[in-house]
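S.K.: I am attaching a structure below and will ask some questions about it afterwards.
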């Protein structure tokens, strides 16, 4: 069973699809509270990948979602989130495809 990725919004989902992420991607901002969303996630999954934005709001969301879900027994994988936050010069998930293309073009030109 694949591990779903949780992102903040529709544009984040589109960005990950553009980068060929094929697995299940869940959108956090769907009109329900974080607690209600967390309850629904905990009912369906034992493990998730959390990929919020990398700005102050995204960092706050990551922390709160991790606390809620961990408290409900869900294993939270934030390896990708930490890696991107520390190593890629972007503030949002939406920026990842263009940054990837920029880096790829730079590598090809070398």
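In the working numbering, the protein residues as written are -16 to 93. Ideal placement from N, C-alpha and C gives every residue a C-beta, glycine not left out.
#1: Here's a check: name, in chain order, each residue in its chain whose Cβ is nearer than 8 Å to the Cβ of residue 82, leaving out the five neighbours to either side.
#2: If I follow the unbroken beta strand (DSSP E) through residue -10, where does it start and stop?
#3: Taking the CB atoms as reference points, tell me whether residue -14 and residue 34 lie closer together than 7 Å.
#4: Span of the beta strand (DSSP E) holding residue 9?
#5: Which whole-angstrom value describes the C-beta separation of residue 4 and residue -12, a residue pair presumed to lie in contact below a C-beta threshold of 8 Å?
#6: With DSSP as the reference, label residue 24 as helix, strand or coil.
#7: DSSP three-state label for residue 38, please.
#8: What residue from 86, 16, 79 has the CA that sits closest to residue 146's CA?
M.R.: Walking through what the data contain:
#1: 71, 72, 73
#2: Here the beta strand (DSSP E) through residue -10 covers -12 to -10.
#3: The answer is no: Cβ separation not under 7 Å.
#4: Residues 8 to 10.
#5: So it is a contact: roughly 7 Å between Cβ atoms.
#6: helix
#7: coil
#8: Residue numbering for the chain in the displayed model covers -16 to 93; residue 146 lies beyond these limits and cannot be assessed.
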